[in-house]
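Engineer:
There are 2 protein chains.
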Amino acid sequence: MSGHACGPAAERLLFTPAPNPVADPVWSAMRAAADLPSGGRELDALLRRLHDALAEVTGAPRHLVLTQTGTATAAIESAVRATTRPGETVAVVSNGQFGDRIVRVVTALGRELRAVHVPWGVPTETALDAVGRASRGAALVAAVHHETSTGVRNDARAVSAAVRDADPRALVLLDAVSSAGELEVELDAWGVDIAVCGSSKGLGSLPGASFCLAGSRALDRVVADGGSYATSWARLVEAATAATADVFLTPSIPVLAGVEAHLTAVVRRGHARHLAQRAQAHAVLHEAAALPPLFPGDAPPGPVAVYDALDARHLQARLAGTGLHVGRGQGPHKARAVRLSWFGHAAPCADELRRRLRAVATAGAPS
Amino acid sequence: MSGHACGPAAERLLFTPAPNPVADPVWSAMRAAADLPSGGRELDALLRRLHDALAEVTGAPRHLVLTQTGTATAAIESAVRATTRPGETVAVVSNGQFGDRIVRVVTALGRELRAVHVPWGVPTETALDAVGRASRGAALVAAVHHETSTGVRNDARAVSAAVRDADPRALVLLDAVSSAGELEVELDAWGVDIAVCGSSKGLGSLPGASFCLAGSRALDRVVADGGSYATSWARLVEAATAATADVFLTPSIPVLAGVEAHLTAVVRRGHARHLAQRAQAHAVLHEAAALPPLFPGDAPPGPVAVYDALDARHLQARLAGTGLHVGRGQGPHKARAVRLSWFGHAAPCADELRRRLRAVATAGAPS
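Line by line, the protein sequences give chains A and B. If you're matching positions, the first sequence starts at 1 in the UniProt record's numbering and goes up one per residue. If you're matching positions, the second sequence starts at 1 in the UniProt record's numbering and goes up one per residue.
1. Residues bridged to threonine 89 of chain B by DSSP?
2. State yes or no: is the C-beta of glutamine 316 of chain A nearer than 7 Å to some heavy atom of the ligand SAM?
3. Work out the CA separation of serine 38 of chain A and arginine 104 of chain A for me, nearest whole Å.
4. Going by DSSP, which residues form a beta bridge with alanine 214 of chain A?
5. Give a yes or no on whether the minimum CB-CB distance between alanine 10 of chain A and chain B is below 8 Å.
6. Under a three-way DSSP split, which group does threonine 16 of chain A fall into?
7. Give the interface partners of isoleucine 253 of chain A over in chain B, defined as CB-CB distance under 9 Å, in chain order.
8. What residue does the beta strand (DSSP E) around alanine 143 of chain B start on, and which one ends it?
9. Nearest CA to the CA of threonine 83 of chain A: which residue from A:Ala214, A:Gly204, A:Ala60, A:Ala243?
10. Below 6 Å CB to CB, which residues in the same chain sit around alanine 60 of chain A once its five sequence neighbours on both sides are set aside?
11. Could you pull the DSSP bridge partners for leucine 173 of chain B from this structure?
12. If you draw a straight line from the C-alpha of histidine 145 of chain B to the C-alpha of glycine 70 of chain B, how long is it?
13. Using DSSP's beta-bridge definition, name the partner residues of residue 369 of chain B.
14. Excluding five sequence neighbours on each side, which residues of the same chain lie with their C-beta closer than 6 Å to the C-beta of aspartate 167 of chain A?
15. For a contact meaning CB atoms closer than 9 Å, what does residue 368 of chain A contact in chain B?
16. By the criterion of Cβ-Cβ separation under 7 Å, what are the contact partners of leucine 249 of chain A in chain B?
17. Closer than 8 Å by C-beta to valine 92 of chain B: which residues in its own chain qualify, once you throw out the five before and the five after it? Chain order, please.
18. In the DSSP assignment, find the beta strand (DSSP E) that holds arginine 339 of chain B and state where it starts and stops.
19. Could you please give the first and the last residue of the uninterrupted alpha helix (DSSP H) stretch that includes aspartate 24 of chain A?
20. Have a look at threonine 244 of chain B and threonine 16 of chain A and give me their C-alpha separation to the nearest angstrom.
21. Anything in chain B within Cβ reach of glutamate 77 of chain A, meaning under 7 Å, just list it in chain order.
22. Please state the DSSP three-state secondary structure of serine 94 of chain A.
23. Could you tell me which residues DSSP puts in a beta bridge with histidine 262 of chain A?
24. Should alanine 234 of chain A and valine 65 of chain A be called a contact, given that it needs their Cβ atoms to be closer than 8 Å?
25. Is it right to say aspartate 193 of chain A is buried, meaning 16 or more other beta carbons lie within 10 angstroms of its own, or is it exposed?
26. In the DSSP assignment, the alpha helix (DSSP H) including leucine 128 of chain B goes from what residue to what residue?
27. Where aspartate 44 of chain B and arginine 336 of chain B are concerned, what is the direct C-alpha to C-alpha distance, given to the nearest angstrom?
28. Would you say leucine 206 of chain A and serine 199 of chain A are within 8 Å of each other, going by their C-beta atoms?
29. Would you call the stretch 42-58 of chain B and the stretch 248-268 of chain B touching, i.e. three or more CB-CB distances under 8 Å?
30. Using a Cβ-Cβ distance cut-off of 8 Å, determine whether alanine 34 of chain A contacts chain B.
31. Could you check the C-alpha separation between phenylalanine 248 of chain A and leucine 315 of chain A for me, to the nearest Å?
So this is what it looks like as structure tokens:
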């Protein structure tokens, strides 16, 4: 990914949680894969490299990678459908917009919901007792790793351990959409049965594909079609375990090739080194923005930082011409917060970033 | 799309039903849209142009365009979920693999299935009496326009009229995945309540997004969440009717920008002229291939032609080095048919096509 340059000042630079900028080498890989037949040795090799790299950056060498065309939210929905039955209990630990989204998924699917609501901005590991209580008798417990509505990184290991301690039969589902590729993720070591991520953000490609990483305990629970043909895990598992690459429904092979190019480069450079670079990039973002966080805390920064008392529309208007784009707040913080994120690119141009972010700091104070 | 060239002989050329080659101007549009913020005037304008062009090429100025991230099959599933309730009757008219796929969707959703099976290769309009009988009391009747497993173009107008005659309350759903942008589609005039298409094939972009075009009768039936959060039509309708572009879950804006670029160019050039060019391209395919059709008939050629007694694996091996890729048969024809298709590009290089297809004709006879 070293081929990515921040570019001239006039160029648009997104610091929004979505979409994320896509690096030049990823575009090249997508383009090269556009005429790849949807079967055969080349696709086999590409999917194998993609799955290996994804397993490496999520610490999941034994999880099966189920690739779907669709959003990560649809993938979460498919996981709940596949591993639980209507009427069974699903607990959801939420401290933000994306936790609440899982609550809505579980409700729409007619599962018995037990929501553990932790205040926005407070990490979920502060509520381990409540997590344990909600886990008892639950078929599945879902939690978010990096909550992009507030910038809070939850301690997924601690939450997973609390579930396991309370009820070893409950499956653990982790929303790793904003953490995979950006933060340390160790599914095996943390006892996470299912993790969901998407093709964009930390995986570096365009949106359009999503991945469920499924451990053996989750695979043992798979319902035949789960009430869906298009997102049936039974069919996805069949495709994923076929001797040669089998694709279930038409995938966006170029989008997958983009993920493969990004992740293979990450693994080649060294995953630990990559994470250190990402942390440095985010430290630069935080430092250069020089703004108080919405929720003070000493949690290490994740890829998204949230700034209080800043109206994103107002700020965006003042930033017109700088090429900088920042994200609006979500949910209750829609009108009074700015979200500053940087996903995907592995080689930050710190000076250019500082230069541009000075504009944020200058323009930031509401007039 | 006039910027597309067939390229040198060594270049890979796909004549497969999926994936389809993507033209240079479409790639440029995708790339230009990669840093488009997921809200704001630019996205507004892009989606408005996309929806207008899609409505024009499908004859549906009053249908609402619901854009989803996912496969067309998932979009069909969302339409069935949204407009029918579990236990209600859904009739499916099938004469091939893609009709059978809708049968599986309806079964997975627990709707009461009435399947009208027409033999593979026989157009569905030969079974209008059976279609009428199956329609009576059905909440929804689904049919495929161009059946890519056999190359048969069904008379969607006649099928839709038969449904309407038999039961005016039944909604008509048309799988237009392989016909939108390639064949005449007149949803309003034909009385089609819901049509589904995807971002690739005749819409010219990468796979990853899908569209449901919904008429007022369909919108009147929408169930609140339909048993899905991620593909809830109520939420999609809310997003589609918002004053400014509202996106429900993260869309692949570049994929949508690719569709917009392709379709806007089609509309600018003139839709009728575009369809005439597509018919010419397919006539060249048929003529140059010089092979007998799997199912003889006098239906005008659609974008996919199927050739009998040809093993695609065998043929592909003999074509190695020519850069030509053809598709394998499907279902019962997996081992003994070749599917030859050409989607998306509007300016065929007839000579290059003939030159390459002579290789198909020469290599085609099983040894």
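The C-beta atom is built at its ideal place from N, Cα and C for all residues, glycine as well.
Structural biologist: Reading it off the structure:
1. B:Glu112
2. Of ligands this structure carries none, so the ligand SAM is not represented either.
3. If I take the Cα positions, the gap works out to 35 Å.
4. A:Leu64, A:Ile194
5. Model confidence at alanine 10 of chain A stands at a pLDDT of 40, short of 50, so the residue's coordinates are unreliable and nothing is read from them.
6. coil
7. Pro19, Leu206, Pro207
8. 140-144
9. A:Ala214
10. Cβ neighbours of alanine 60 of chain A beyond the five flanking positions: Leu187, Asp188, Leu213.
11. B:Ala142, B:Ile194
12. 20 Å
13. Within the shown structure, residues of chain B are numbered from 1 to 367, placing residue 369 of chain B beyond reach of any answer.
14. Ser135, Arg136
15. Residue coverage of chain A in this structure runs from 1 to 367, which leaves residue 368 of chain A outside it and unanswerable.
16. Thr71, Thr73
17. Gly99, Ile102, Val103, Val106, Leu113, Arg114, Ala115, Val116, Val141, Ala142, Ala143
18. Note, arginine 339 of chain B: beta strand (DSSP E), 337-341.
19. 24-32
20. Rounded to the nearest angstrom, the two C-alpha atoms are 19 Å apart.
21. Ser228, Tyr229, Ala230
22. strand
23. None; histidine 262 of chain A has no bridge partner.
24. no
25. buried
26. For leucine 128 of chain B, the enclosing alpha helix (DSSP H) covers residues 128-135.
27. 48 Å
28. yes
29. yes
30. At least one chain B Cβ lies under 8 Å of alanine 34 of chain A.
31. 44 Å
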